[in-house]
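Data block below; observations after.
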Amino acid sequence: MLWLAAWMLMASWAVKAHPTFQAFFQDSGSVMLLIDPANGDIVEANAAAAKFYGYSIPQLQRMTIQEINQLTPEQVAEERRLAKSEGRNYFIFRHELADGEIRTVEVHSEPYDFNGRTLLLSMVHDMTPLREKTEDFWHYQTRLEEMVDAQRQELEASYARQTWILVAGILIQALLILLLLWVMHRRQKLQKSLNGVASLLTNIMNSATGIGIIATDTEGMITAFNHGAEKLLGYRADEIIGKVTPLKFHDKEEVKAQQGVLSRLLGRPVNGFGVFVQQLEGNQHRQSEWTYIRKDGSRFLVSLYASNILNEAGDVIGYLGLVQDISELKASQLALETARNELKATFDALPDLLFEVDLNGVILSYHSAEADHLYVTPDVFLNKTVEAVLPEKPAIVIMTALHNAHKSGQSFGLQYALDFEDGRRYYELSVSRKTPLDVTETPRFVVLARDISLRKRQERQLAEKDQRLNLILEASNIGQWDWDIVNDVMLWDARSYTMLGFKENAFKVSFEKWRQMLHPDDCHAVERLQAHLEDKDTYSVEYRLATVDNDWLWIESRGQVVERDDEGHPTRMVGMHMDVSDRKQVEDMIAMNEERLRTIFEILPIGISLTDRDGHILECNSASEKLLGITREEHTSRRYDDDVWQIYREDGTPMPPDEYASVRALQDHTTIKNQLMEVRRMDGSTWLNVNATPLDHPQYDLVISYEDISDKRAAEARLNLAASVFTHAREGITITDKNGLIIDVNRGFTLITGYERDEVIGKNPNILSSGRQPKEFYNTMWKTLFEKGHWTGEMWNRDKNGSIYAQLITISAIKDSNGSIQNYVGLFTDITSLKEQQQQLEHIAHYDVLTQLPNRSLLADRLNQAMLIINRHGGYLAVLFIDLDQFKAINDSFGHDIGDDLLVEVSKRMRIALREEDTLARIGGDEFVAVLANLEGIQDCEEILDRLLVAASDPVEVQGHSLTVSASIGVTFYPDDQGDADQLMRHADQAMYQAKQEGKNRYHFFDVSHDSMVKSQSRIQREMADAIEHNQLELHFQPKVNIKEGRVIGVEALVRWPHPEKGLLMPADFLPSVDGLPLSIELDKWVLRTALKQANIWHEQGMHINVSVNIGAYFIQHRDFMETLREYVADYPALPPFTLEIEILETSALEDVVNVSLLIWECHELGVHFALDDFGTGYSSLTYLRHLPAKIIKIDQTFIRDMLMDSDDRAIVDGILKLAQAFDREVIAEGVETEAHFEALLAMGCELAQGYAIARPMLPEALPDWVCEWEKSPQCEKS
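Numbering-wise (my numbering), the sequence shown opens with residue 669 and increments by one.
And the structure:
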């Protein structure tokens, strides 16, 4: 019957195949997508999908599943592998919603045919609420409750949808019976569609593996049991369907209890299966929770959503139950509740303030046991930043702590203060960064603020007490000591040590140590101490103690015995030390000063007289006699108001006595200063500066001083003239002392620098330093000053306002009569305007007017400089040719003004994308060139290239228009690209066009294939250098013979490389990679040294044989070649001349015939022969042969090898032989491989040969035996 019903249901759907499925698809509450598996296009989406993702259905139809799924293709492949290995028929992905939120989803997908097209039907279930259940306790409860509610709502919606699906199926089944006869004739036609739809519905039901779906008839007999139910309960469908009721899975006691509850509620008995369906009569669906028992006996909690299955008449024909395991959910809820209670109890016990804050300082939540601890109420600060609710300083401290915690995870110890109505409170912060659930989540922090106000007050009070005590002790300069007399241990405090210059506890103090530190003349201190211990006298004594500097410090020491034993003997004494050195010095100085003053009084150059209150002169010094022109006796017999003095005013009129400074000072009891007068004598006159001061002294009432200022007045006249020039000069003038401290400046200095005179007196002129001149600049300046006495130059300084100005300055050293420098004078002029004009001209010449970027001229200079640096220090530089895509269209459409603004903004962004040391230049239109220097490798520039593409392609707002361009970038690298600056830019330009052809908005590297070859060559070059350094190469020697005489005439040294990985390498395998490089010179040097060394070994063994060596043109033309060759030949003086022969390619020799000819002559004088190798391959062999004095020419083996078959080659060989004979050259034939070659060469007159027919190249140890065998061989005799 079940199969018949299913067949009828499918047949009824087949009648309206697509519309019925479409209705089911669109009305389903589950998120469903139809996806094209070939490309990931979303073909169809239902309303639930649009609601879930936040896009409209048309928007979803224009998207691909790859745009929604945030996993990479590699991650998707890994998830598919895991699902297969775990036996899952669903996948777990990360989908992005329209608002940017990332959700974890479970996706069930099955392939189906729709109108001949295979599509994936994907059901998407949101798993995010379950995934987020581990979020921390701060918002755990809210998030979990939201998750539970969302799941419950989704489950209820799912139950409703499934119920309507079954109801619709039943209705369609009834309709099918009525229409069965009508549709029979279409059965064959619709059979294929019927099978597809049946499979679709079955798989939709079975795809919900997370939910058990159980259908029963009205008696409770199970009629349907999906894969989800099998997975939950452990039974197979065939064990259940038609055999049992759902009571099989329920706990009997739980069912019995629920029956009792329903019976009391409904007022009638409820038995058996009715406990599940009695309450469905009213609303047709019911949700409840039960304990289910699996086949293995294990128990688990489920959420059961039961609903009626109705026929068309609305009669109940069965029941549908949707079952979901909620064991983990219940466990999580219980754990959450327990944790929440524990957390609340912990928080309530804390006296501190707790806040949750994000990185921007927004306060998200808080906890405080007492509301009055808060600075403001929660409604004021929640969801606002700390800067918005707190004063500036506390806010700064909190934000600092947040950023510290963001970097290191935690932050402790930062403090801040807040002012409350009852006073200021202090808080200490502890901040911890929370671990985010997702990398996209904004960082959050737990902030604990502990009130430390009481601790602060206690610390402040203690500090104040300590400060007062220290101030008292420091002010009194008192040290303390405590003497344990019995154990002879004397404890000094820190001040007792430091007043003597010692560090605290620098040594242990005892009575003996103290006595050793006493001054030898102060032994009375010991006697006073002994007397006090015997209770005969108080202890207060002054003595001297030795200091750390072996000096003496006067100490006043006082003490008192404070403890005695039972017999009255002293056991402990305490006391103090006071530094009285200053007082002692004062006492000594008082005595010394009296004598000193008397001496000074007599030797002073200033005249000094002392009078009584009546003006009688009591004393005068020697200077008085000289200045006034009278003896001391005459002086002391007068009064200062006597009319015998000839004193005149400054204007030349006589000065009456009542104007005398002495008279006025006595009368007015005030000091008279700087009275100028002229004293005339018989022998002339003297100008005096007179000061008179009343004294409070028992003997003297007035002191008069007078200074001879005659010379000073004359000098002042001269200085006034100089001062006028100094003051009114427009140039700045600075005068310093010999130490460089300013002693005067003029008004011109102020006008230029902005500093007034009083602001700079006593300061160093370096207050004007701009920092632009390096230290070497000043070193050179001072060196010139010391050597020449003056220096002139330009420098940049900074004025008072901080502005930089340029000056032309001359500094002169002013010396005294002994030649010692006393002052420096600087005379300077502001030349800033001239410099600015010069800079403007230079800027115009080197910078683009529109973008202010370097132009082509400056770019070429910087690129050449960067290439020089790379040549000197190694590394790479990249040249980027940048062309803006779509710019021309924008420029034509919007005009040049907008186009120019767009260029300026894009150039700024691209410059920001580069590094500080890089150069970006505009070379015209929308074309730019960037130079990236100091790259360690080519890959280092890829990140910069990506930044440039982003910078160029971001939209730009210009005069109300949103404009978008992109960039096509061509890149080439130096020194891999061995060209000059122009060639590098051309190559980058070519690569840029390639980037445009590939689709624009991208970059392209120049000549990638060549780049790979260069890398390979670089590797070979590194390995070759290592092989040369470690002597890992070998020389093999191939004999050269006279085939007519059967005699060995020499050998050719051929290099071989026993490579550790590639085996024995021939020259063709590695020489091309080093040709023309400095490394080739090192290789040639190694071959030369080794060949000469081996020739010397053979010579010592008695075998005299010539050795020829191939030398490259690069080494031959190097300036050190001859010097190196002389050095190597000189190392083996025993070798006969011309033992060494150098072979050079004919083509290399012809590149510089003159120099090579001179070189051959020099080598000939050194005893070294030259041979032209591969002769006949050059373009001008015959023309230049007479210019090259080489003794031997070697016919290229390509002509020898084919001469027996090719008449042209034979003719060439014959011509070379005759040419050599004409120029008196010896000829060797290379590549002789057969006896026929011997005969032909002899017939043509060539007797010297080399080739495999004679011998292959061999190791040097094998050569002596081979020579012996050859010269005795039948072939020699035959020849």
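Glycine included, every Cβ here is placed at the ideal spot set by N, Cα and C.
### Query
To the nearest angstrom, how far is it from the Cα of Asp1426 to the Cα of Gly1400?
15 Å
### Query
Ser1485 by DSSP, collapsed to three states: which one?
coil
#### Entry: Extent of the continuous alpha helix (DSSP H) run through Met1323
That residue, Met1323, is in no alpha helix (DSSP H); it is neither H nor E in DSSP.
### Task
Quick one: residues in its chain with C-beta nearer than 8 Å to the C-beta of Ile1031, no 5 flanking neighbours on either side, listed in chain order?
By the criterion of a C-beta distance shorter than 8 Å, Ile1031 is surrounded in its chain by Phe1023, Glu1024, Val1025, Phe1049, Leu1050, Asn1051, Lys1052, Thr1053, Val1054, Val1057, once the five residues flanking it on both sides are discounted.
### Query
If we call anything under 7 Å between Cβ atoms a contact, is Ile1696 one with Trp1754?
yes
### Task
Measure the C-alpha to C-alpha separation of Lys1171 and Met1185 and round it to an integer number of angstroms.
16 Å
### Message
Mapping the DSSP letters down to three states, classify His1704 as helix, strand or coil.
### Response
strand
### Task
Can you give me the Cβ contacts of Arg820 inside the same chain, cut-off strictly under 7 Å, excluding the 5 residues immediately before and after it?
Annotation note: pLDDT 47 at Arg820 (below 50); position unreliable, no value reported.
### Message
Using C-beta distances below 8 Å, list every residue in its chain close to Lys857, excluding the 5 sequence neighbours before and after it, in chain order.
### Response
At Lys857, the pLDDT of 48 sits below 50, so the modelled position is not reliable; the number obtained from the coordinates is stated separately. Within the same chain, no residue comes within 8 Å of Lys857 by CB-CB distance, once the 5 residues on both sides are set aside.
### Task
Take Glu957 and list the residues in its own chain whose beta-carbon comes closer than 8 Å to its own, dropping the five residues that flank it on each side.
For Glu957, same chain residues with a beta-carbon under 8 Å away, outside a window of 5 residues either side, are Leu969, Val970, Ser971, Leu972, Ile994 in chain order.
### Buried or exposed (CB count within 10 angstroms, at least 16 for buried), Lys1940
exposed
### Query
Smallest Cα separation from Asn1469: which of Ile1922, Ile1420, Leu1808?
Ile1420
### Task
Taking all protein chains shown into account, decide if Leu1927 is buried (16 or more other Cβ within 10 angstroms of its Cβ) or exposed.
exposed
### Residues bridged to Ser1277 [DSSP beta-bridge criterion]
Ser1277 is bridged by DSSP to Cys1288, Ile1372.
### Query
Is there contact between the stretch 1242 to 1256 and the stretch 1265 to 1274, where contact requires at least three CB pairs shorter than 8 Å?
no
### Query
For Lys1862, is the classification buried or exposed, using 16 other Cβ atoms within 10 angstroms of its Cβ as the cut-off for buried?
buried
### Query
So does the stretch 1229 to 1238 actually touch the stretch 1255 to 1266, counting three or more Cβ pairs closer than 8 Å?
no
### Message
Rounded to whole angstroms, what is the Cα-Cα separation between Arg1264 and Asn1414?
### Response
43 Å
### Query
In whole angstroms, what is the alpha-carbon distance linking Trp1766 and Ile1537?
48 Å
### Query
Of the choices Lys911, Gly1461, Gly880, whose alpha-carbon is the least far from that of Gln992?
Considering only alpha carbons, the answer is Gly880.
### Closest Cα partner of Val1331 within the set Leu1808, Arg954, Thr1045, Ile1285
Ile1285
### Task
Please classify Lys911: is it buried, with 16 or more other beta-carbons within 10 angstroms of its beta-carbon, or exposed?
exposed
### Residue-chain proximity (Phe1049, chain B), Cβ-Cβ < 7 Å
This model lacks chain B altogether, as it is built from one protein chain only.
### Task
May I ask you to report which of helix, strand or coil DSSP gives Gln809?
With a pLDDT of only 36 at Gln809, under 50, the local geometry of the prediction cannot be trusted, and no value is derived from it.
### Query
Straight-line CA distance for Asp1788 to Val1775?
Per the coordinates, the alpha-carbon of Asp1788 lies some 22 Å from the alpha-carbon of Val1775.
### Cβ-Cβ distance between Phe944 and Ala974 below 7 Å
yes
### Separation of Asp1565 from Ser1501, as counted between CA atoms
The straight-line gap from Cα to Cα measures roughly 32 Å.
#### Entry: Top-ranked residue by Cα proximity to Val1797, from Thr1758, Ala1619, Leu1701, Ile1884
Thr1758
### Message
Distance check for Arg1530 and Tyr1515, CA to CA, integer angstroms please.
### Response
13 Å
### Same chain, Cβ closer than 7 Å to Ile1868, five either side skipped, listed in chain order
The beta carbon of Ile1868 lies closer than 7 Å to those of Val1881, Ala1897, Glu1898, Gly1899, Val1900, His1905 in the same chain, with the five residues before and after it left out.
### Task
Can you grab the Cα-Cα spacing for the pair Gly708 / Ala691, in whole Å?
24 Å
### Within 7 Å, strictly: CB atoms of Asn1532 and Ala1649
Contact flag set, yes.
### Opening and closing residue of the alpha helix (DSSP H) in which Pro741 lies
741 to 754
### Task
Inspect the beta-carbon positions of Arg762 and Gln738 and report whether they are closer than 7 Å.
It is a contact, given that the beta carbons lie within the stated cut-off.
### Message
Quick check for students: name the residue ranges of the beta strand (DSSP E) that lie wholly in the stretch 1316 to 1357, counting only runs of 3 or more.
### Response
1340 to 1349
### Query
Would you call the stretch 1357 to 1374 and the stretch 1275 to 1283 in contact, with 3 or more CB pairs under 8 Å?
yes
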